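Have a look at the structure below before the remarks.
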DNA sequence: TTCCAGGTATTAC
DNA sequence: GTAATACATGGA
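Residue numbers (the numbering used here): 484 to 814.
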């Protein structure tokens with residue numbers, strides 16, 4: 484499927500810098516709106532959101548993804564953590580960008596976040612050649628998996644239990660507004676906030692969190708934030724552990740079960756075999772691989788672990804997006 | 001009004 | 001070991 488590609492803008496707006504991340508076979512809309520991140524909003528023909536504590540605007544353009552960020556403001560040290568480059572490098576490029584040129588140099592952290600360097604067709608080639616996957620890939624080609632911050636990913640999915648994606652997005656936005664640090668945005672833009680750290684959330688109360696509309700999930704988020712804040716679990720170190728070890732550590736956290744742990748492993752811990760099975764994926768697996776029969780959860784897990792190969796998580800994301808967006812699979 | 005939402009922990013067989 | 005149930009909240 485070919486994503487809609489709007490015409491490129493010519494000039495970055497004043498006070499911002501822009502760069503192009505070359506990418507082939509990349510569907511930005513499918514990627515940002517497929518329930519893996521809850522940080523992005525469609526504004527006109529672009530997606531606005533916050534990643535790595537930076538406000539960003541992303542647009543699909545013919546050669547890849549165009550990214551816009553605010554220029555660093557030397558008068559606001561608290562808001563200085565902005566830009567497509569590390570802050571020191573960003574200052575060097577200010578003059579160039581402010582003069583109206585697009586910044587063409589790379590931005591390693593954004594490339595890593597969006598995974599624009601990954602060869603998606605090589606991944607798809609590793610999938611088993613079965614009809615359901617072929618159909619899902621045909622419908623959702625260009626769907627990527629982001630590499631998110633582990634804490635934001637864990638906290639967001641703790642809030643996901645029996646919530647619609649639109650509501651998870653709302654709760655995350657409220658959490659940012661109430662507890663996140665303000666970050667730089669283009670002049671005149673509505674304020675944006677970083678995702679609050681585990682330390683910050685640990686220092687609030689369960690009742691404070693509950694007022695963000697998260698209901699019973701507040702206790703899980705608060706308790707997990709406290710454990711992470713006091714160092715029981717080093718989330719970044721999780722990325723260097725083998726799959727089983729990382730999974731075991733995550734499952735020790737309150738409110739984290741088999742589904743949420745797989746989400747964190749797949750979306751933030753470099754574990755492409757991780758395979759979250761939620762209601763949609765379970766429904767899709769039953770419908771597409773078992774003729775709609777009732778199948779024990781254990782059998783679905785067995786299929787997930789053995790059938791889809793080294794990039795099973797991507798297969799899962801195709802099936803999830805396909806079921807939700809195109810097939811509208813119901814019970 | 002009733003049902004359901006990218007689940008998990010607890011309790012009951 | 002597997003099957004029901006409570007858990008808050010808001011949108012459809």
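For glycine and all other residues, C-beta sits at the position ideal for the given N, C-alpha and C. If you're wondering where the values come from, they're calculated on a predicted model, not measured in any experiment.
Taking 3 residues as the shortest admissible run, the region 491-552 contains the following complete beta strand (DSSP E) segments, listed from N- to C-terminal end: 499-505, 523-526, 529-534 and 537-544. Inter-residue distance for residue 599 and residue 768 is about 28 Å (C-alpha atoms, whole angstroms). Here DSSP, grouped into helix, strand and coil, assigns residue 654 to helix. If you compare the alpha carbons of 616, 494, 731 and 778 with that of residue 795, the shortest gap goes to 616. One Cα belongs to residue 668, the other to residue 538, and the distance between them is close to 6 Å. The way I'd put it, the region 516-526 does touch the region 620-629; three or more beta-carbon pairs between them come closer than 8 Å.
DSSP places residue 711 in the uninterrupted alpha helix (DSSP H) bounded by 700-712. Between residue 733 and residue 739, the C-beta spacing is below 7 Å. In the DSSP annotation of this structure, the continuous segment of the alpha helix (DSSP H) that includes residue 797 starts and ends at 795-804. In the displayed model, residue 678 falls within coil according to three-state DSSP, outside both helix and strand. For the options 718, 555 and 593, the alpha carbon positioned closest to that of residue 549 is the one of 593. By the criterion of a C-beta distance shorter than 6 Å, residue 771 is surrounded in its chain by 615, once the five residues flanking it on both sides are discounted. Contact check between the region 631-646 and the region 493-503: fewer than three CB pairs, one atom from each, fall below 8 Å, which does not count as touching. In this structure residue 591 is not in contact with residue 751, their Cβ atoms being roughly 17 Å apart against a cut-off of 8 Å. Annotation for residue 546: 503 and 505 place their beta carbon closer than 7 Å to its own, counting only its chain and skipping 5 residues before and after. Take the alpha-carbon of residue 647 and the one of residue 812: they are about 16 Å apart.
Measuring C-alpha to C-alpha distances from residue 721 to each of 708, 744 and 703 identifies 744 as the nearest.
Note that the C-beta distance between residue 679 and residue 663 is below 7 Å. Here residue 651 is near residue 521, since their CB atoms are less than 7 Å apart.
The beta carbons of residue 742 and residue 761 sit about 6 Å from each other, so the pair counts as a contact at 8 Å. In this structure, the beta-carbon distance from residue 708 to residue 677 does not fall below 7 Å.
Taken through DSSP and simplified to helix, strand or coil, residue 617 comes out as helix.
As the crow flies, the alpha-carbon of residue 619 is around 11 Å from that of residue 607. At the C-beta level, residue 609 and residue 781 stay beyond 7 Å of one another.
The beta carbon of residue 513 is closer than 7 Å to those of 623, 625, 626 and 804 in its chain, skipping five residues each way along the sequence. Secondary-structure assignment with DSSP links residue 666 through a beta bridge to 675. Apart from sequence neighbours up to five positions away, the residues of its chain that approach residue 753 with a beta-carbon distance below 8 Å are 630 and 722, ordered along the chain. The Cβ atoms of residue 524 and residue 540 lie no closer than 7 Å to each other. Non-local C-beta neighbours of residue 653 in its own chain, meaning closer than 8 Å and more than five positions away in sequence, comprise 696, ordered along the chain.
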